[in-house]
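Participant: Protein sequence lines correspond, in order, to chains A and B.
Quick note on this note's numbering: the first sequence kicks off at 488 and runs consecutively.
Quick note on this note's numbering: the second sequence kicks off at 15 and runs consecutively.
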Amino acid sequence: MSPDGNGAYVTNDGDASVSQYSITADGRLVAKSTLEVDAGDQPTAMAVSPDGKSAYVTNSFDATVSQYNVAASGALSPKDTPTVVVGTAPNGIAREPGW
Amino acid sequence: MSPDGESAYVTNFADDTVSQYDVDPADGELSAKGTPTVGAGNFPIGIAVGPDGESAYVANQASNHISQYDVAADGMLTAKTPATVAGDDPTQIAVRPDTTGPTTTITSGPSGTVGSPNASFIFSSNESGSTFQCRLDSGAFSSCSSPKAYAGLADGAHSFAVRATDFSGNTGPPAMRGWTVDTPEPSTDLILDAQAKQKAKKLKVDVACGEVDCSVNLVGKGTIPKTAGTAVAAAKAKKFKLKPKGVEVAAGATERVRLKFKRNRKSVKKINGLLKQGGRKTRKRAKAVVKATATGQGGSDTAKQKVKLER
Chain A
488 MSPDGNGAYV TNDGDASVSQ YSITADGRLV AKSTLEVDAG DQPTAMAVSP
538 DGKSAYVTNS FDATVSQYNV AASGALSPKD TPTVVVGTAP NGIAREPGW
Chain B
15 MSPDGESAYV TNFADDTVSQ YDVDPADGEL SAKGTPTVGA GNFPIGIAVG
65 PDGESAYVAN QASNHISQYD VAADGMLTAK TPATVAGDDP TQIAVRPDTT
115 GPTTTITSGP SGTVGSPNAS FIFSSNESGS TFQCRLDSGA FSSCSSPKAY
165 AGLADGAHSF AVRATDFSGN TGPPAMRGWT VDTPEPSTDL ILDAQAKQKA
215 KKLKVDVACG EVDCSVNLVG KGTIPKTAGT AVAAAKAKKF KLKPKGVEVA
265 AGATERVRLK FKRNRKSVKK INGLLKQGGR KTRKRAKAVV KATATGQGGS
315 DTAKQKVKLE R
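1) Between L167(B), V37(B), E262(B), which has its C-alpha nearest G89(B)'s C-alpha?
2) Would you mind reading off the limits of the beta strand (DSSP E) that contains K162(B)?
3) Any beta carbon from chain A within less than 9 Å of R149(B)'s own beta carbon?
4) Output, in chain order, the set of chain A residues within a Cβ distance shorter than 8 Å of T105(B).
5) How long is the line joining the alpha carbons of G143(B) and V573(A), rounded to whole angstroms?
6) Using a 10 Å radius around the Cβ and a threshold of 16 neighbouring Cβ atoms, would you call M190(B) buried or exposed?
7) Measuring CB to CB, does V233(B) end up less than 9 Å from E262(B)?
8) For G60(B), decide whether its Cβ has a neighbour in chain A, counting only Cβ atoms nearer than 9 Å.
9) What is the C-beta distance between A503(A) and D528(A), in whole angstroms, given that I count them as a contact (C-beta under 8 Å)?
10) DSSP on G501(A), reduced to helix/strand/coil?
11) Out of curiosity, what's the CA-to-CA distance linking V557(A) and N26(B)?
12) Could you compute how far the alpha carbon of S122(B) sits from the alpha carbon of D41(B)?
13) On the DSSP letters alone, give me the boundaries of the beta strand (DSSP E) that P188(B) sits inside.
14) Any idea which residues DSSP pairs E199(B) with across the strands?
15) Pull up the distance between the alpha-carbon of S21(B) and that of G48(B), whole angstroms please.
16) Below 7 Å CB to CB, which residues in the same chain sit around Y164(B) once its five sequence neighbours on both sides are set aside?
17) Using the Cα positions of G115(B) and A87(B), report the straight-line distance between them to the nearest angstrom.
18) Tell me whether A264(B) sits in a helix, a strand or coil according to DSSP, three-state version.
19) Would D112(B) and P39(B) be called neighbours here (beta carbons separated by less than 9 Å)?
20) For K259(B) and I238(B), I'd like the C-alpha separation in whole angstroms.
21) Strictly under 9 Å for the Cβ-Cβ distance: is A518(A) near chain B by that measure?
22) So which residues of chain A does T113(B) contact, with C-beta pairs closer than 7 Å?
23) Smallest Cα separation from W193(B): which of A178(B), E199(B), H172(B)?
24) Measure the C-alpha to C-alpha separation of A73(B) and A534(A) and round it to an integer number of angstroms.
25) So if DSSP puts V52(B) in a beta bridge, which residue, or which two residues, is it bridged to?
26) Among all the DSSP beta bridges, which residues are the ones paired with L150(B)?
27) Less than 6 Å between C-beta atoms, sequence neighbours within five positions excluded: which residues of the same chain meet that for K213(B)?
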């Protein structure tokens, strides 16, 4: 992974947010300048698209998926439509493998 | 799951541990690694392996932090320093996949115009675990490692390119280096001492080879013409040879070589006498021809020079 533009993302179950970290060259996590971005109520699973440009979070209480653009820096920002409604209590998400 | 598919990890939220397994490449069956579990925080849930496969992260919900690990070549986890970073009720973890190829830098190699037909390049990638492909001139890229050496290149312009592919299979743009090979031609520049002193029984020859180191072999022969009307007249022309000699000449240097007559002492004396008489009285001078063959980098060269022997 090139040192620039990477990211590790952690869903914060009780905080309705996603914490975002940069990964240093030796693999340590360092909080990005904006540590947390909002998610829905009780975010659980998270996935990043294979092209690294989109990220998705399931919000179990909301029955929604929050969707984000991933900037070149790896920072998350909500897409124009920040959430889509899914079934009750979504709790897992997978990315389409390969590209 | 590690990106290389060889290791699998399971968070055990009741045990506060992570179990680590080898994945059988044939049937996918899991078997516990040498150290079957490593410690995590309180109530570990999510786990992710970094895009380079060298780090792993575990979200510990109850202790409210993220554990970070190094992933060894055998897939086993060991805690990094620091072992944890703060969380905010962390649950699951995802990492952004690596979609960027590594940048390759050539740190050493020929440039401009060089005299050597050989070239060696040292290069590196900004991503650890990269593999490299090299290309010379219009050839195809083929796998290589640093340093990459080439030998016996033709005179003229050449180009070298090297590109890196990272752990995730992203290939970056090639780094390029152009240079020109101009192998200097060896040359001998023979200077025969026209004032060769016969009493010294030897000829002085200066040898130089221009821009390259060379080995020079010298041979020589000569004739003393028939002389008339002198006290020590030779009844007929006499031929003589010089002793062959070899010399190593450094680039840019001139070596002085002394060539001796290839005769016994008595005949040398006679030759000297004849030279003296002939040179003074008859103007028919003894002549010698010295031939040199130089061998150096890039080829060989020969030179020949006549010299008149006189007092």
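Where a beta carbon is used, it is the ideal one built from N, C-alpha and C, also for glycine.
Facilitator: Once the coordinates are examined:
1) V37(B)
2) 162 to 164
3) no
4) V497, T498, N499, D500, P530, T531
5) 40 Å
6) exposed
7) no
8) yes
9) 5 Å
10) helix
11) 30 Å
12) 46 Å
13) Per DSSP, P188(B) belongs to no beta strand (DSSP E) and is neither H nor E.
14) Its beta-bridge partners do not exist; DSSP assigns none.
15) 12 Å
16) N132, A133, L150
17) 22 Å
18) coil
19) no
20) 22 Å
21) yes
22) D538, G539
23) H172(B)
24) 15 Å
25) V32(B)
26) F174(B)
27) With a pLDDT of only 46 at K213(B), under the threshold of 50, the placement of this residue in the model should not be trusted; the figure read from the coordinates follows. Closer than 6 Å at Cβ, skipping near neighbours: no residue.
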